[in-house]
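One structure is given below, encoded as structure tokens.
In the numbering used here, the protein residues as written are 2 to 202.
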């Protein structure tokens, strides 16, 4: 695979493992939790389209432009349960840059520590194992939940790409671009570890 290769990333709340076709049924169950595909401003696979989405991501893996993961919960009561997908995408080996994206989680796995830890695991691997110079995040201008979550990570907004692409319904999408650079990683890491260590109500 060259610069970037499949790996399993383990934390307290989540385990990210290389996406495999055998994960299909569990991913279908996860995406039905909240009917996530109905959000017009995101591109999340339908239950019927899950197999094609897995094949698409694995096809990009074969071309070394994406490294897709299946996300499993690791905390008590849900250990081992598949709760979503995430990826390194738009991989630029020459410039040692990746984007973290194409992420979705079952509704029951949202608004908890899982996403924070997934991002910590992905960022740590990118900066400490792959020696990335920057990690990028992109989302629709209208995806306020995603934009707020990205900012909470400590990323900074680079700009907005106007009429950058189309949403699934054909409407034009303005894409908000954010990044964390290598020099910022130590502070971002400390911030995320602090967030995870805070007691939750």
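We put the CB at the ideal spot given by N, CA and C, even for glycine.
Contact belief for residue i with residue j at Cβ below 8 angstroms, rounded distance in angstroms
i: residue 174; j: residue 147; result: About 12 angstroms separates the two Cβ atoms, so there is no contact after all.
i: residue 84; j: residue 115; result: 7 angstroms
i: residue 71; j: residue 24; result: 5 angstroms
i: residue 59; j: residue 69; result: 7 angstroms
Short Cβ contact (7 angstroms threshold) for residue i with residue j
i: residue 67; j: residue 90; result: yes
i: residue 118; j: residue 14; result: yes
i: residue 120; j: residue 154; result: yes
i: residue 133; j: residue 127; result: yes
i: residue 107; j: residue 34; result: yes
i: residue 20; j: residue 122; result: no
i: residue 138; j: residue 161; result: no
i: residue 10; j: residue 105; result: no
i: residue 159; j: residue 130; result: no
For residue j and residue i, the rounded distance between their alpha carbons
i: residue 4; j: residue 182; result: 19 angstroms
i: residue 88; j: residue 103; result: 6 angstroms
i: residue 193; j: residue 150; result: 12 angstroms
i: residue 82; j: residue 12; result: 14 angstroms
i: residue 65; j: residue 93; result: 9 angstroms
i: residue 61; j: residue 53; result: 12 angstroms
i: residue 30; j: residue 109; result: 12 angstroms
Residue burial classification, residue i (beta-carbon count within 10 angstroms, cutoff 16)
i: residue 55; result: buried
i: residue 46; result: buried
i: residue 1; result: Outside the modelled stretch of the chain, which goes from 2 to 202, sits residue 1, for which no answer is possible.
i: residue 41; result: exposed
i: residue 167; result: exposed
i: residue 112; result: exposed
i: residue 73; result: buried
i: residue 198; result: exposed
### Task
Report the residue ranges of all alpha helix (DSSP H) runs contained in full by the region 101-189; include only those spanning at least 4 residues, in chain order.
Inside the region 101-189, DSSP marks whole alpha helix (DSSP H) runs of 4 or more residues at positions 114-125, 145-154, from first to last along the chain.
### Message
Report the start-end ranges of each alpha helix (DSSP H) in the region 43-87 that is 4 residues or longer and not cut off at the edges.
### Response
51-63
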